[in-house]
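Those letters in the sequence shown? Residues 4 to 192, by the working numbering.
Where is the CB? At the ideal position from N, CA and C, for every residue including glycine.
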Amino acid sequence: MNQRDAFQTLAKYVRDELVVTGIGSQTQLWHSVFHRPGNFYLSGPMGLAVPVSLGLALARPKDRVIVVEGDGSLLMNLGALAAVAHHRPKNLLILIMDNECYDLTGIQPMVNQGRTDLQKIAQGMGIKETYEAGRKADLAQALQAAQGRKRPAFIWARLKPLGEKPPPFPYPPHETKYNFWQHIRGRDR
């Protein structure tokens, strides 16, 4: 399974959840596979998708929040998992896309290649509900199991490199923020 396969699988399970994507291929591919008003596409520094999603989940406890983050970005800010475990938002699902490389910039190898178990790291930080998915069927099963959860969930999607450049992301950050804010305001009416 590559990242596009994983996103196509995820799209089958997204209904009215708020979806936050990390920078780079997470934003570009998710936009090309399943663009909708309830998506918040991050750009800028790495490692912020999990903390932003944690804040969103805590601020909006009635909304389900899905965060899609890359392995490189997660490794930039592992402490965010400890914060998730501490606050235990039952409406947060963390999906990590681990292709063991910086795919978007030329498939440079990551330091985690075959040696870092992100599921065990999440468990060690205190996240109790974790899944590992290396095939589309595994991911579908994990997403289905996580839907009825009463605590935060973590899915480690183990991927093959995509090997292609995703379509460019067409919106500047301020427009993304405005569109997402308008969507949130509409839900509150």
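I believe Gly25 touches Gly73 by the beta-carbon criterion, under 8 Å. Please report the beta-carbon distance rounded to the nearest angstrom. 5 Å
Given a threshold of 16 other Cβ atoms within 10 Å of its Cβ, counted over all protein chains shown, does Asp101 qualify as buried or as exposed? buried
Taking the beta strand (DSSP E) that Asp8 falls in, what are its first and last residues? Looking at the DSSP string, Asp8 is not in any beta strand (DSSP E); the run it does join, the alpha helix (DSSP H), is 6-14.
Beta bridge counterpart(s) of Asn42 as assigned by DSSP: Val22
Could you check whether Gln116 and Glu135 sit closer than 7 Å to each other, using their CB atoms as the reference points? no
Start and end of the beta strand (DSSP E) containing Glu178? Not the beta strand (DSSP E): Glu178 falls in the alpha helix (DSSP H), residues 176-190.
Determine, using beta carbons only, whether Phe172 and Thr30 come nearer to each other than 7 Å. yes
Within the region 74-159, ranges of the alpha helix (DSSP H) (whole runs, at least 4 residues): 74-79, 82-90, 121-128, 139-150
Here's a check: name, in chain order, each residue in its chain whose Cβ is nearer than 6 Å to the Cβ of Asn80, leaving out the five neighbours to either side. Gly50
Host alpha helix (DSSP H) of Pro54 (start-end): 52-62
Is the beta carbon of Pro92 sitting closer than 7 Å to the one on His186? no
Could you check whether the Cβ of Ala9 sits closer than 7 Å to any Cβ belonging to chain B? The displayed structure is made up of one protein chain only, and chain B is not part of it.
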